[in-house]
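Residue 20 is where the sequence shown starts when you use my numbering, and the numbers rise one by one after that.
We put the CB at the ideal spot given by N, CA and C, even for glycine.
Read through the structure below, which is laid out as structure tokens, and then see the notes.
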Amino acid sequence: MSSHGDPVPMTARPSGPLSGVAEVPGDKSVSHRALILGALAVGETRITGLLEGQDVLDTARAMRAFGAQVEREGEGLWSVRGVGVGGFSEPSDVIDCGNSGTGVRLIMGAMATTPITATFTGDASLRSRPMGRVTEPLALFGARAVGRAGGRLPMTVVGAPAPVPVRYAVPVPSAQVKSAVLLAGLNAPGQTVVIEREATRDHTERMLAGFGAEIVTEDGPEGRVITLTGQPELKPQTIAVPRDPSSAAFPVAAALIVEDSEVLVPGIGLNPTRAGFFTTLQEMGADLSFENARDEGGEPVADLRVRFSTLRGIEVPPERAPTMIDEYPILSAVAAFAEGTTVMRGVGELRVKESDRIDAMARGLEACGVRVEEDEETLIVHGLGPGGVPGGATVESRLDHRIAMSFLVLGLAARAPVTVDDASPIATSFPVFEELMRGLGARLERGGA
């Protein structure tokens with residue numbers, strides 16, 4: 020699959036029990052950060068388990084454009100020879116970040132305090148997403164950004180010639196914004212401080228510490244206070260990327276809603292800032308068990324066994340949203356098969372992802388016969404119980420990988436097939452999705468129903 024090219028329709032048909040081992044790809048968030056921090060270290064960083072989806076490959080290509088040596092040595096095995104903090108060179112061409120909001124925002128942060136200029140673009144979805152939430156704090160360091168109306172790509176960022184450290188309170192929970200500011204702070208003298216009222220995924224903080232940066236996280240009256248001392252010499256690392264919990268969500272969800280299924284998903288990253296989806300499923304009555312708990316690359320990991328379950332609708336605590344923001348689309352698909360109503364509040368961030376995910380899921384669920392309610396910050400799904408979703412619809416993926424996968428999973432347990440108009444964006448995060456799901460017994464076919 021490719022996120023750039025002709026649409027690839029795909030149909031999910033009602034399937035028999037799913038079984039087997041689902042070896043999902045490496046964590047996308049960790050993969051992006053490993054490449055970027057490897058490029059900012061002095062020496063060779065070796066990475067195993069790197070996600071080789073298009074989003075991460077675009078970040079690898081961008082690091083080469085800024086002067087790092089980035090080489091693939093085998094499946095998931097990569098070498099990055101970095102140029103040091105402040106060592107980025109000016110790219111000779113436009114940086115195309117494809118579909119990746121994480122990639123473009125983190126890279127902007129990493130180059131914003133070096134006196135170079137870079138122009139960024141992406142696919143139609145990424146060009147529609149606002150960048151102001153990142154460029155505004157980067158301006159405090161002394162960087163300048165000029166883009167299309169509304170702060171959209173293509174955008175040129177002029178790095179600060181004499182960067183200053185900043186103290187910045189993140190206005191909305193966003194690991195991307197927090198990480199961009201911290202990466203910019205690497206090349207600013209003194210201490211850069213980021214304050215977040217609600218904790219978001221902390222992969223950047225963990226990895227910065229692993230590379231030798233002086234970074235301290237404390238809880239204070241304003242929230243979580245992260246203090247980074249600038250201009251360190253980052254030391255190269257050997258990084259084992261855990262398997263992506265956001266990708267694991269799809270085979271886990273499929274096993275929960277397809278009758279008599281049992282699936283094992285090994286080596287899943289269970290960072291507490293990412294595990295809200297599994298907590299929510301357990302509250303809904305999901306039969307999940309975590310086996311062989313261990314630590315890999317500074318991240319908690321376990322093997323996850325999941326069995327078909329009769330689920331009940333719940334109200335998801337809004338404060339949990341930062342720990343599962345990418346999983347709400349698949350949660351809403353699972354909720355369609357629960358008994359009762361599932362209420363998801365405080366999820367307005369979903370409207371500025373690869374698509375307006377609240378609207379995309381609401382319209383698709385309605386087309387499949389599920390009643391939903393929504394407002395700017397809320398999605399409510401009225402479940403129809405196991406086997407109760409009619410299906411029989413063609414839904415729009417809207418160039419959004421998670422929307423496409425969510426409806427393909429839903430179609431495996433619906434009463435009639437569900438077609439996604441374009442499954443090609445799945446390659447950005449989960450290039451082996453189709454093969455993996457078929458290996459478990461899922462009936463996925465290219466083309467319409």
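- Contact holds between the segment 198 to 214 and the segment 244 to 251, because three or more Cβ pairs, one in each stretch, are under 8 Å apart.
- In this structure, DSSP gives residue 217 a state outside helix and strand, which the three-state scheme calls coil.
- For residue 175, the closest C-alpha among the options 283, 137, 145 is that of 137.
- Residue 288 sits buried, since 16 or more C-beta atoms from the chains shown fall within 10 Å of its C-beta.
- Looking only at 60, 382, 47, the smallest Cα-Cα distance to residue 71 is reached by 47.
- Taking all protein chains in view, the Cβ of residue 311 is surrounded by fewer than 16 other Cβ atoms within 10 Å, so the residue is classified as exposed.
- The DSSP assignment places 186 to 189, 210 to 215, 234 to 239, 242 to 248 as complete runs of the beta strand (DSSP E) inside the segment 186 to 251, in order along the chain (cut-off: 3 residues).
- The beta carbon of residue 220 lies closer than 7 Å to those of 48, 194, 290, 292, 293 in the same chain, with the five residues before and after it left out.
- When the Cα atoms are used, residue 88 and residue 32 turn out to be separated by approximately 45 Å.
- In terms of Cβ geometry, residue 349 and residue 269 form a close pair [threshold 8 Å].
- Around the CB of residue 257, fewer than 16 other CB atoms lie within 10 Å, so the residue is classed as exposed.
- With the rule of 3 Cβ pairs closer than 8 Å, the segment 225 to 232 does not count as touching the segment 106 to 123.
- Its chain contains 463 as the residues whose beta carbon lies nearer than 8 Å to that of residue 457, once the 5 sequence neighbours on both sides are disregarded; these appear in chain order.
- Note on residue 301: under 16 other CB atoms within 10 angstroms of its CB, so exposed under the neighbour-count rule.
- Looking at 162, 158, 166, 216, the one whose alpha-carbon comes closest to that of residue 140 is 166.
- Annotation for residue 45: no beta strand (DSSP E) segment contains it, and DSSP assigns it neither H nor E.
- Taking C-beta separations shorter than 6 Å and ignoring five residues to either side along the sequence, the partners of residue 177 in its chain run 136, 163, following chain order.
- Distance check between residue 69 and each of 94, 80, 372 places 94 closest, using alpha-carbon atoms only.
- Unbroken alpha helix (DSSP H) stretches of 4 residues or longer found wholly inside the segment 285 to 319: 295 to 302, given in chain order.
- Here DSSP, grouped into helix, strand and coil, assigns residue 283 to strand.
- At a Cβ-Cβ threshold of 8 Å, residue 355 and residue 428 do not count as neighbours.
- Distance from the Cα of residue 359 is smallest, within the candidate group 201, 369, 389, 78, for 389.
- For residue 127, the enclosing alpha helix (DSSP H) covers residues 120 to 130.
- From the listed residues 444, 430, 445, the smallest Cα separation to residue 438 is found for 430.
- Residue 73 sits in a helix when the DSSP states are folded into three classes.
- Rounded to the nearest angstrom, the gap between the Cα atoms of residue 387 and residue 405 is 14 Å.
- In this structure, the beta-carbon distance from residue 45 to residue 263 falls below 8 Å.
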